[in-house]
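Here the sequence shown is numbered in our numbering, starting from 133 and rising by one per residue.
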Amino acid sequence: MDFDLTDEQRLIRDTAREFTDKEIVERARENARNHHFDLELVKKIADQGYLGAIVPREYGGAGLGYLDYGLVVEEIGRGCSSVRTVISVQTSLVCSAILKWGTEEQKQHYLPKLCSGEWLGCFGLTEPDTGSDAANQRTRATKTDEGWTINGAKMWISMGNYAKLALIFAQTDPDLDPPTRHRGLACFLVDTDQPGYQAQTIEHKMGLHASDTASISLDEVKVGPDDILGEVGDGFKVAMSALDSGRFSVAAGCVGICQGCVEESVNYAKEREQFGRPIASFQLVQAMIADMVLKTDASRMLVWRAGFLKDKGRPNTLETSVAKLHATEAAVECANTAIQVHGGAGYVDDHPVERYFRDVRVTTLYEGTSQIQKLIIGRAMTGINALVPS
Ligand code: COS
Numbered sequence: 133m134d135f136d137l138t139d140e141q142r143l144i145r146d147t148a149r150e151f152t153d154k155e156i157v158e159r160a161r162e163n164a165r166n167h168h169f170d171l172e173l174v175k176k177i178a179d180q181g182y183l184g185a186i187v188p189r190e191y192g193g194a195g196l197g198y199l200d201y202g203l204v205v206e207e208i209g210r211g212c213s214s215v216r217t218v219i220s221v222q223t224s225l226v227c228s229a230i231l232k233w234g235t236e237e238q239k240q241h242y243l244p245k246l247c248s249g250e251w252l253g254c255f256g257l258t259e260p261d262t263g264s265d266a267a268n269q270r271t272r273a274t275k276t277d278e279g280w281t282i283n284g285a286k287m288w289i290s291m292g293n294y295a296k297l298a299l300i301f302a303q304t305d306p307d308l309d310p311p312t313r314h315r316g317l318a319c320f321l322v323d324t325d326q327p328g329y330q331a332q333t334i335e336h337k338m339g340l341h342a343s344d345t346a347s348i349s350l351d352e353v354k355v356g357p358d359d360i361l362g363e364v365g366d367g368f369k370v371a372m373s374a375l376d377s378g379r380f381s382v383a384a385g386c387v388g389i390c391q392g393c394v395e396e397s398v399n400y401a402k403e404r405e406q407f408g409r410p411i412a413s414f415q416l417v418q419a420m421i422a423d424m425v426l427k428t429d430a431s432r433m434l435v436w437r438a439g440f441l442k443d444k445g446r447p448n449t450l451e452t453s454v455a456k457l458h459a460t461e462a463a464v465e466c467a468n469t470a471i472q473v474h475g476g477a478g479y480v481d482d483h484p485v486e487r488y489f490r491d492v493r494v495t496t497l498y499e500g501t502s503q504i505q506k507l508i509i510g511r512a513m514t515g516i517n518a519l520v521p522s
């Protein structure tokens, strides 16, 4: 077993670190303060190749492996989770779904535009009444002579206001009941300029203030017969496989938050003096730093393992859920601890730990709650589906 990164991976990581420090860290506080979705910065991350990092070069991507991609996402996550969310959604949810399930024509049509940032994409799975129980889609798609008509509503959709392409999951056969209802789902490729697509900003979020989050209404939205990823009935698998990539990305971003908490806390503790000496010299402060380092290292190893399995093309749903569960919970704890190290100074946005604390909270909720990750892990270990009554 080799824990060393290759020279190329070190270069990828160092480049992402430099880019983050130069372009993202400076803007993060102001963008959060102003609730500003920074399209100029999105263009820069696209130019850097980060919007299609795992997409092969022939479709306009950077052609990176998952482990490489995880290194990039960690660095961006250290800088700003709102920016990291753009990368996670565009690359892991939207591009990876098209890459895995799209026809050659669909890949050639959509991927270059998404990788270059010319188009943004969004992932319309969650609904007002459908969160963890993702198979219970209330959005309906009805077959017509010209294709499909979609009616319904989506909720908590990152980039819903800015996306040109929306992946919309909908039920095509409302007569299906559990446990087969997921077999009626389809994933539609919706041009958001279509009449009937309307997005509205969700205001007053706790964190991710520089990220766009929208609710979407779909009123008689028309799509063509070929505007489907995979076949009718594949929709649930499209969503789950995209989430295998999305959860990896969230986990990697959380390693970045953990790392940021360690670095900020060490720096602050060495500068801040109390009782006549830097607080870094007190054992109780060092213990808090040690706790954060432990959580950071363990999370990073789990993310790397999941990335390694993805690069080998091996099954990784279990390991991805383990990484997502551990890294997100660890990041919540690290952000809390980092504020403790900073004391009152951590309670205002002069230091990034205040933003880490607010931004990290959503990571144990979105792309599958911690409880859903435990359900996936428990199911894999026992072979028993806790959702099916025995
Ligand atoms: N990749 C591909 N296919 C998968 C899969 C995966 N990771 N996980 C499950 N599937 C397939 C199963 O193989 C099964 O296929 P068959 O119909 O051929 O048997 C089908 O999907 C249904 O799977 P399952 O029975 O596990 O579905 P459940 O309804 O029990 O749901 C959970 C499983 C709870 C894990 C799923 O609904 C889930 O992940 N919920 C959370 C949703 C979420 O993360 N939402 C946040 C979105 S923010 S973007």
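Positions of the beta carbon are idealized from the N, C-alpha and C atoms, including for glycine. Since the model is a prediction, treat every value here as computed from it, not as a measurement.
What residues in its chain sit with their C-beta under 7 Å from that of residue i, if we drop five residues either side in the sequence?
i	result
K232	S373
R270	E259, D261, T262, G284
L257	A266, F301, A371
V204	I144, A148, Y182, A185
V364	T304, A318
H168	A342
R379	T452, S453, K456, E499, G500
K427	C390, A462, E465, C466
Note down, in chain order, each residue of its chain lying with its Cβ closer than 6 Å to the Cβ of residue i, except the 5 sequence neighbours on either side.
i	result
W280	A273, V355
Y201	A185, I186
G292	C254, A331, A346, I348
D351	G328
H314	A267, F368
E158	none
Tell me whether residue i sits in a helix, a strand or coil according to DSSP, three-state version.
i	result
Q180	coil
M372	helix
L86	Absent from the structure is residue 86, since the part of the chain shown begins at 133 and ends at 522.
I144	helix
R270	coil
F320	strand
L308	coil
I289	strand
D277	coil
A384	helix
R159	helix
K456	helix
A419	helix
D134	coil
S115	The chain is shown from 133 up to 522; residue 115 falls before or after that span and cannot be answered.
F301	strand
G195	coil
V364	coil
I471	helix
A295	coil
A164	helix
A185	coil
G284	strand
K175	helix
A438	helix
K337	coil
I think residue i touches residue j, with their Cβ atoms under 8 Å apart; what is that distance to the nearest whole Å?
i	j	result
D481	R161	6 Å
A331	F320	So it is not a contact: roughly 16 Å between Cβ atoms.
G367	L317	3 Å
Y488	A462	About 12 Å separates the two Cβ atoms, so there is no contact after all.
V435	A383	5 Å
S343	T152	Wrong, their Cβ atoms sit about 16 Å apart, outside the cutoff.
L299	G362	11 Å between Cβ atoms; not a contact.
R77	E451	This structure leaves residue 77 out entirely; the chain is present only between 133 and 522.
I334	W288	7 Å
S377	S228	4 Å
L340	G500	Incorrect: roughly 17 Å between the Cβ atoms, too far for contact.
I504	S290	The Cβ separation is near 18 Å, so there is no contact.
Y400	H336	Actually they are not in contact, since the Cβ atoms of Y400 and H336 sit about 30 Å apart, beyond 8 Å.
Beta-carbon within less than 8 Å of residue i's beta-carbon, same chain only, minus the 5 sequence neighbours each way: which residues are those?
i	result
S397	M420, I421, M424, T469, A470, V473, H474, V485
Q141	L199, D200, L203
V520	P311
Q240	Y191
A165	Here the sequence assigns Arg to residue 165, which means Ala is not the residue at that position. Excluding sequence neighbours, R165 sits near H341, D481.
P100	Since the first residue of the chain shown is 133 and the last is 522, residue 100 is not available in this structure.
Q415	none
Cβ pair count under 8 Å reaching 3, the segment 452-462 against the segment 489-505: yes
The segment 209-225 / the segment 177-196 touching (three or more Cβ pairs under 8 Å): yes
Every unbroken alpha helix (DSSP H) inside the segment 211-268 [4 residues or more]: 213-219, 228-233, 236-247
Cβ contact (3+ pairs, closer than 8 Å) linking the segment 388-395 and the segment 442-452: no
Touch test, the segment 242-251 against the segment 192-201, Cβ-Cβ under 8 Å, three pairs minimum: yes
Entirely enclosed alpha helix (DSSP H) segments - the segment 474-511, minimum 4 residues: 484-492
Runs of alpha helix (DSSP H) lying entirely within the segment 383-413, each at least 4 residues, in chain order: none
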